[in-house]
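Q: This is the structure I want to talk about, given as structure tokens.
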Amino acid sequence: MNRAVRNPPRVMVARIFHESHGFSPIPTPADCFVLSRGEGVLSEARGSGTTLGGIISVLDEAGVELIPALSASAPPSGLVDHDFYLTLKGEICAAVAAYAPDAIVLELHGAMGTTVLPDAEGDLLRDVRAAAGREVVIGVGLDLHAHVTEAMLLATDICIACKENPHSDVVACGEKVAQGVLAVLDGSLRPVRTLVKVPMLLPGGNETAIGPLRELHDMARDLTSRTAGIWDISLYNVFRFLDDAGMGQAVVVTSAEGAEDGARNAAAQLGEAFWRKREEFVDDLLTIDEALARVAANRGTEPYVLADMGDRVLAGAPGDSTAILAALLARGDGLRAAVPITDAASVARAQTLGAGQVARFQLGGGMTPGFAPLDVEARIVSLGDGLFEMRGPYRGGEPTALGPVAVLEIDGRIRVLVTSKPGFTHDPAAFESNGIMIADQDCIVVKSGYHFTLNFAGLARPLMLRTPGIGYFTRGQFTWTQGRFWPEHDVGAMPVESPITFPARSGGAPRQRQG
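Its first residue numbered 197, the sequence shown is counted upward by one per residue in my numbering.
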């Protein structure tokens, strides 16, 4: 490095975390984000189950001078309001210019789009690099469902993902990002990044502990251990509901300078393995009736937690489906259940009527195309502000908000957590902070597909359900105007791209693709 680094180095940290569903009818405004600035960023992140928490723990131990900029986080939902994004980007870039850090370490999701830009993180990192200059080290920790772009890799020195789904290793990802940045600062690592893209989405089989993804991650670990100079291999299973050019599975190999040949070989092998295994990526989901029959057959034992896969807020869906609620009400076996539904109008009506009142509600079905409200009579059990702290382990310790909420009781046995905003119901604290005890239910519905298994471990047995909605990939459901990928499109017999190498010290152009 040509630029002198302070001792101790000055390191700026920040986070903008959002996974943006490009086909959701509901954009994501500023008030969906939980924001903190300055020292609040550090106090909230320290000890939390987040990538930023891992980043800060390593930087604290290293004794750097920490400069917190901002943290903005919201549950997955529609495209982010562009003007709000520009405000966040402007704040971070202004802080970079004002504090002139030696390094910048960010937690980003990697699949954030705005109402104008499909690759918001690429745009953000390009401008952060411009504000910082070429010699400042920039490291980023991403979700493994990121849409990795050349713009992101051009602007950074370290750009890696967590390796597990559900994301049990996000803290470890943050720790490794920070360790990599410190290694670049002290000169012990000159990172070269090698990218291979495969134009395919995973129609199923997204868990990394089983099936083809386990085989691919085992392969990545083996290549890392036996290939000299490889520091990290990140496999990206791109978020399935963006619409941008270059979408697909990605392999990013980070290696020491001089180890490019081994990195290119590893990246190419993994890209080819993705394509070779493409037909193996399938899910084995239960129908709603099958799942409820299993709950009924085992009633009185441990509760079940049911993943509403089609209406997953954690995949950007609005959370307004009543499909499972309607099926529960149609059964004659009296199952006790808790069900979250996004419906700001019903919350407002409950607030007007007041706790204890009984009234008819046209519940849910107001946002997702093709859904309709469910007419129910319910007692208003309680009203609340929707603020709670997630219990974890995934994102544990992090404050979040559901907007104003109402708890409705239907048929004396079903509690409906009605929220004003789509929220993180993968965590039991969403329910118990509103007086709905997990142990009192036969089943709990969550608007999550995988991460809930971590946070409900020991509390309820997980089942994943095939349900309607925009949160589960079905071929032909959406029309992509930019992205082209298997199985939605014909991409040819062997579409794996040749590796692209991004040399050490970011800011320059990538080298030519290597065949």
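Here a beta-carbon is modelled for each residue, glycine too, at the ideal position from N, C-alpha and C. Predicted, not measured: the structure shown is a model, and the values here were computed from it.
1. Note down, in chain order, each residue of its chain lying with its Cβ closer than 7 Å to the Cβ of residue 337, except the 5 sequence neighbours on either side.
2. Use the C-beta contact count for residue 418: other C-beta atoms within 10 angstroms, 16 or more gives buried, fewer gives exposed.
3. Pairs of beta-carbons, one from the region 497-512 and one from the region 268-284, closer than 8 Å: are there three or more?
4. Short of 7 Å in beta carbon distance, which residues of its chain neighbour residue 289, apart from the five on each side in sequence? Order them along the chain.
5. Please determine, among 425, 333 and 206, the residue with the shortest C-alpha to C-alpha distance to residue 294.
6. Keeping to the same chain, check which residues put their C-beta closer than 6 Å to that of residue 532; ignore five residues upstream and five downstream.
7. How about residue 649 and residue 619: are their beta carbons less than 9 Å apart?
8. With a threshold of 6 Å on Cβ separation, who are the neighbours of residue 231 within its own chain once the five nearest residues in sequence on each side are excluded?
9. Assuming residue 576 contacts residue 550 under a Cβ cut-off of 8 Å, what Cβ separation, rounded to an integer in Å, is found between them?
10. Leaving out the 5 sequence neighbours to the left and right, which residues in its chain are closer than 8 Å to residue 364 when beta-carbon positions are compared?
11. What's the C-alpha gap between residue 530 and residue 283?
12. What is the residue span of the alpha helix (DSSP H) that residue 364 lies within?
13. Below 9 Å between beta carbons: does that hold for residue 223 and residue 564?
14. Express the C-alpha separation of residue 359 and residue 629 in angstroms, rounding to a whole number.
15. Using beta carbons (cut-off 9 Å, strictly below), is residue 648 in contact with chain C?
16. Nearest by alpha-carbon distance to residue 661: which of 683, 519 and 594 is it?
17. If you count every other CB in all the chains shown that lies within 10 Å of the CB of residue 554, and 16 or more means buried, which is it?
18. Alpha carbons only, please: which of 265, 556 and 225 is nearest the one belonging to residue 238?
19. Closest to residue 580 by C-alpha separation, out of 586, 603 and 399, would be which residue?
20. Let's test the definition: count the other Cβ atoms within 10 Å of the Cβ of residue 685 and tell me whether it reaches 16, buried, or not, exposed.
21. Taking 8 Å as the limit between beta carbons, can you name the residues of its chain near residue 408, skipping five residues before and five after?
22. Quick one, are the C-beta atoms of residue 383 and residue 428 less than 9 Å apart?
23. Counting along the chain, where does the alpha helix (DSSP H) carrying residue 285 start and finish?
24. Report the CB separation of residue 598 from residue 626 in whole angstroms; it is logged as a contact under 8 Å.
25. Is the Cβ-Cβ distance between residue 415 and residue 681 less than 9 Å?
26. Need the endpoints of the alpha helix (DSSP H) that residue 251 sits in, please.
27. Taking contact to mean at least 3 C-beta pairs separated by less than 8 Å, is the region 660-680 in contact with the region 431-451?
28. From the DSSP output, in three-state form, read off residue 393 for me.
29. Looking only at C-alpha atoms, which of 501, 646, 673 and 379 sits nearest to residue 405?
30. Let me know the secondary structure DSSP gives residue 202 once reduced to three states.
31. Candidates 606, 691 and 617: which alpha carbon is nearest residue 562's?
32. Does DSSP put residue 383 in a helix, in a strand, or in coil?
33. As an exercise, report each continuous beta strand (DSSP E) stretch of at least 3 residues that is fully enclosed by the region 489-557, in chain order.
34. DSSP on residue 239, reduced to helix/strand/coil?
35. Name the DSSP beta bridge partners of residue 264, please?
36. Cβ of residue 460 within 9 Å of Cβ of residue 448?
A: Reading from the atomic positions:
1. 247, 251, 303, 356, 369, 370 and 373
2. exposed
3. yes
4. 323, 324 and 327
5. 206
6. 609, 637 and 638
7. no
8. 268
9. 7 Å
10. 589, 590 and 650
11. 50 Å
12. It is not in any alpha helix (DSSP H) - residue 364 carries neither H nor E in the DSSP assignment.
13. no
14. 31 Å
15. Here chain C cannot be found, since the structure has a single protein chain.
16. 519
17. exposed
18. 265
19. 603
20. exposed
21. 401, 473, 476 and 477
22. no
23. 278-295
24. 7 Å
25. no
26. 247-258
27. yes
28. strand
29. 646
30. coil
31. 617
32. coil
33. 500-504 and 533-538
34. helix
35. 209
36. no
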